[in-house]
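Our numbering applies: residue 2 is where the sequence shown begins, and numbers increase by one.
One structure is given below, encoded as structure tokens.
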Amino acid sequence: YREATAVVFLSDREGFGLPIAEAASFGRFVVVSQGNQAGLEAGGSAIITVNPDQPREAAEKVIGGLKEKQLAEISSNLPKWETAAMAYADAINELNRE
2 YREATAVVFL SDREGFGLPI AEAASFGRFV VVSQGNQAGL EAGGSAIITV NPDQPREAAE
62 KVIGGLKEKQ LAEISSNLPK WETAAMAYAD AINELNRE
């Protein structure tokens, strides 16, 4: 992630979204699929969501975000790795209680 400008994670199969948390820990611009709740928890308010079934719209959001220099704004809101790890731990503990 050190050399990445953005991380686009449109998987609906990855349950925990660890690449999102890893990218966020490096301060990267992150785009995830709508409905990726684990990814949203890991990335907080710094995540841009897109509909993966609308690739043109998703591409426009990614390009628009980069062109408008939202990267700096978004990166400043990214949670630290410790915050993301605690969010995962809380979610797992909650599942274990059920």
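In this text, a Cβ means the ideal position worked out from N, Cα and C, and glycines have one as well.
Just so you know, these numbers come straight off a predicted model, no measurement behind them.
Quick check on the burial criterion: 16 or more other C-beta atoms within 10 angstroms. Buried or exposed for residue i?
i, result
"A59", "buried"
"A1", "The structure shown does not extend to residue 1, since the chain is modelled only from 2 through 99, so no value can be given for it."
"P80", "buried"
Compare the Cα-Cα distances from residue i to each of the options and report the closest residue.
i, options, result
"E83", "P20, G36, L19, S26", "S26"
"S12", "P53, A92, E4, A5", "P53"
If I'm right that residue i touches residue j with Cβ under 8 Å, what's the distance once you round it to whole angstroms?
i, j, result
"Y2", "A24", "5 Å"
"K62", "I49", "6 Å"
Between which residues of its own chain and residue i is the CB-CB distance below 6 Å, once the five residues before and five after are set aside?
i, result
"V8", "A24, R29, V31"
"N94", "none"
Closer than 8 Å by C-beta to residue i: which residues in its own chain qualify, once you throw out the five before and the five after it? Chain order, please.
i, result
"P20", "V8, F10"
"T6", "R29, F30, L67, L72"
So, for residue i: in the same chain, excluding its five sequence neighbours on each side, which residues have a beta-carbon less than 7 Å away from its beta-carbon?
i, result
"Q35", "T50, V51, N52"
For chain B, is any of its Cβ atoms less than 8 Å away from the one on residue i?
i, result
"T84", "Absent from the structure is chain B; it holds one protein chain and no more."
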